[in-house]
Amino acid sequence: MNGKIHSKALLNGLMKRFTQMNIHSTSVEEYRVAFAKMIEFFRFIAHKIPVGIKVHRIRIHNGETEFTHLKELWCPPAHMTTMGRLNEKGDQILYTSSGGDTAYRELNPPVGSIVSCLECEVIEPILSVDIGLLKYNPNREGFLKQWAFDNAKGLKIVYQNNKELMAIDTRLKEFMITQFVRSVPKGSEHLYRLTAAIAKQFFLSKDLEAISYPSIKSQMRDINFAFPAHVALKKLKPIRIDVHEILPSASGSNLTRVLPIKGCYENLNFEDALVYTNPREIIGWATKD
Numbered sequence: 054m055n056g057k058i059h060s061k062a063l064l065n066g067l068m069k070r071f072t073q074m075n076i077h078s079t080s081v082e083e084y085r086v087a088f089a090k091m092i093e094f095f096r097f098i099a100h101k102i103p104v105g106i107k108v109h110r111i112r113i114h115n116g117e118t119e120f121t122h123l124k125e126l127w128c129p130p131a132h133m134t135t136m137g138r139l140n141e142k143g144d145q146i147l148y149t150s151s152g153g154d155t156a157y158r159e160l161n162p163p164v165g166s167i168v169s170c171l172e173c174e175v176i177e178p179i180l181s182v183d184i185g186l187l188k189y190n191p192n193r194e195g196f197l198k199q200w201a202f203d204n205a206k207g208l209k210i211v212y213q214n215n216k217e218l219m220a221i222d223t224r225l226k227e228f229m230i231t232q233f234v235r236s237v238p239k240g241s242e243h244l245y246r247l248t249a250a251i252a253k254q255f256f257l258s259k260d261l262e263a264i265s266y267p268s269i270k271s272q273m274r275d276i277n278f279a280f281p282a283h284v285a286l287k288k289l290k291p292i293r294i295d296v297h298e299i300l301p302s303a304s305g306s307n308l309t310r311v312l313p314i315k316g317c318y319e320n321l322n323f324e325d326a327l328v329y330t331n332p333r334e335i336i337g338w339a340t341k342d
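Residues in the sequence shown are numbered consecutively from 54, following the numbering used here.
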């Protein structure tokens, strides 16, 4: 490792440069190069999203028109993608959440809309980097608990338990988390260039298959997973689609509720048309753990 990078002053300078670049004239690629310099001599302990974890994605219908094929609930074609938190135009990223309820909070569909919720199951372990989960969910059970243990142990080994280096590492990762949990209002999608650049740098790794980060709409309590399209096709199995109408809360509060309308529960694939039946009971909108 180059000792020069392990100084707070140098890291602070690189972070300052990254955030002070002109957001309107700087490309995602230019941001990526700047971020690559920032992390060049640091280490990230990637972990596996285990088999059996369920992830969810919802889409709002256009009026009462139903989705007829699974691809309509998947990430859009490359020519139709818009700038997102982890992608620039043309990048195909499948955005999912750790539960249907989290997916609904992320999209916040209006009262009266019809929505479809796609549930997929992880069928092969997926190597992911964490940006903020361990900060906001340090005591969560299941795979995150093991994740936290492995991360702490791995960083001690990497930095030979040097507390100064570990403090600088923490400073870098806090900076990244700040970018990822920043709310971006509609119409200001150009602000996603910073986080899209960070994601693009991580996805240059031939081994990394996902990025896990906190759900802003769930006050950081729940998880979002982002998968490049080719990883999602290989390692996620679509297992059910539930169609709901969004209704106002029965209590008169600002909350909403979902009314099950129908669902598709058999033979979900990208070739055949979706076949709907009566709705079935939802079995836990959360991760396996």
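Backbone N, C-alpha and C define an ideal beta-carbon position, used for all residues, glycine too.
Leaving aside the five residues before and after residue i along the sequence, list all residues of the same chain whose C-beta is less than 7 angstroms from its C-beta, in chain order.
| i | result |
| --- | --- |
| Pro301 | Val164, Thr309 |
| Val284 | Ile179, Glu262, Ala263 |
| Phe256 | Pro281 |
| Val104 | Val175, Ile176, Glu177, Pro178 |
| Met54 | Because Met54 carries a pLDDT of 41, less than 50, the predicted location of this residue cannot be relied on, and the following value inherits that uncertainty. Here the set comprises Phe94. |
What span of residues does the alpha helix (DSSP H) with residue i cover, start to end?
| i | result |
| --- | --- |
| Tyr318 | Neither: Tyr318 is in no alpha helix (DSSP H) and is coded neither H nor E. |
| Asp343 | No information on residue 343 is available, as it lies outside the stretch 54 to 342 that the chain covers here. |
| Gly187 | The sequence given here has Leu at residue 187, not Gly. Its alpha helix (DSSP H) spans residues 186-189. |
| Asn65 | 61-73 |
| Pro331 | Looking at the sequence itself, residue 331 is Asn, so the reference to Pro does not match. Neither: Asn331 is in no alpha helix (DSSP H) and is coded neither H nor E. |
| Phe196 | 196-211 |
| Ile76 | Run containing Ile76: none; DSSP gives neither H nor E here. |
| Phe255 | 246-256 |
Kindly give me the distance between the Cβ atoms of residue i and residue j, rounded to whole angstroms, as I take these residues to be in contact under 8 angstroms.
| i | j | result |
| --- | --- | --- |
| Val296 | Ser166 | Rounded, the Cβ-Cβ distance is 11 angstroms, inconsistent with contact. |
| Ile102 | Val175 | 6 angstroms |
| His114 | Ser150 | Not a contact, Cβ separation roughly 19 angstroms. |
| Asn98 | Gly195 | The question names Asn, yet the displayed sequence has Ile at residue 98. The Cβ separation is near 18 angstroms, so there is no contact. |
| Asp275 | Thr155 | 4 angstroms |
| Ile314 | Pro332 | 6 angstroms |
| Ala279 | Tyr84 | Going by Cβ atoms, the distance from Ala279 to Tyr84 rounds to 17 angstroms, so no, they are not a contact pair. |
Roughly how many angstroms lie between the CA atoms of residue i and residue j, to the nearest whole one?
| i | j | result |
| --- | --- | --- |
| Cys317 | Gly152 | 18 angstroms |
| Cys173 | Ala62 | 45 angstroms |
| Tyr266 | Val237 | 15 angstroms |
| Gly337 | Arg246 | 35 angstroms |
| Ile76 | Arg70 | 12 angstroms |
| Thr223 | Thr121 | 47 angstroms |
| Ala220 | Lys226 | 10 angstroms |
| Glu82 | Thr330 | 46 angstroms |
| His100 | Leu218 | 22 angstroms |
| Arg158 | Leu64 | 35 angstroms |
| Met91 | Pro129 | 32 angstroms |
| Lys253 | Val311 | 35 angstroms |
| Leu139 | Asn307 | 30 angstroms |
| Leu160 | Ile111 | 8 angstroms |
| Leu123 | Arg293 | 10 angstroms |
| Lys239 | Gln213 | 44 angstroms |
| Arg96 | Lys142 | 28 angstroms |
| Gly66 | Gln232 | 16 angstroms |
| His132 | Asp144 | 9 angstroms |
Quickly, what does DSSP pair residue i with across the bridge? List them, please.
| i | result |
| --- | --- |
| Leu286 | In DSSP, Leu286 forms no bridge with anything. |
| Val108 | Cys173 |
| Leu300 | Arg310 |
| Val182 | Ile264 |
| Ile294 | Leu171, Cys317 |
| Phe280 | Leu147 |
| Gly337 | Looking at the DSSP assignment, Gly337 forms no beta bridge with any residue, so it has no partner. |
Return no unless some Cβ of chain C is closer than 9 angstroms to the Cβ of residue i.
| i | result |
| --- | --- |
| Met68 | The question asks about chain C, but that chain is absent: this structure has only one protein chain. |
Hey, is residue i close to the ligand SAH, as in C-beta under 8 angstroms from one of its heavy atoms?
| i | result |
| --- | --- |
| Thr134 | Among the ligands in the structure shown, none appear at all, so the ligand SAH cannot be discussed. |
Once the 5 residues before and after residue i are set aside, which same chain residues still bring their CB inside 8 angstroms of it?
| i | result |
| --- | --- |
| Glu242 | Thr135, Met136, Gly137 |
| Met74 | Glu83, Tyr84, Ala87 |
| Tyr189 | Pro267, Met273, Arg274 |
Between which two residues does the beta strand (DSSP E) holding residue i run?
| i | result |
| --- | --- |
| Thr149 | 146-150 |
| Ala19 | Because the chain spans 54 through 342 in this model, residue 19 falls outside it and cannot be assessed. |
| Lys101 | 100-102 |
Going by beta carbon distance, what residues of the same chain come within less than 6 angstroms of residue i, once the five residues before and after it are set aside?
| i | result |
| --- | --- |
| Met68 | Phe228 |
| Gly56 | For Gly56, the pLDDT reaches just 46, beneath the cut-off of 50, and the residue's location in the model is therefore unreliable, although a value from the coordinates is still provided. Taken in chain order, the list of residues that qualify is empty. |
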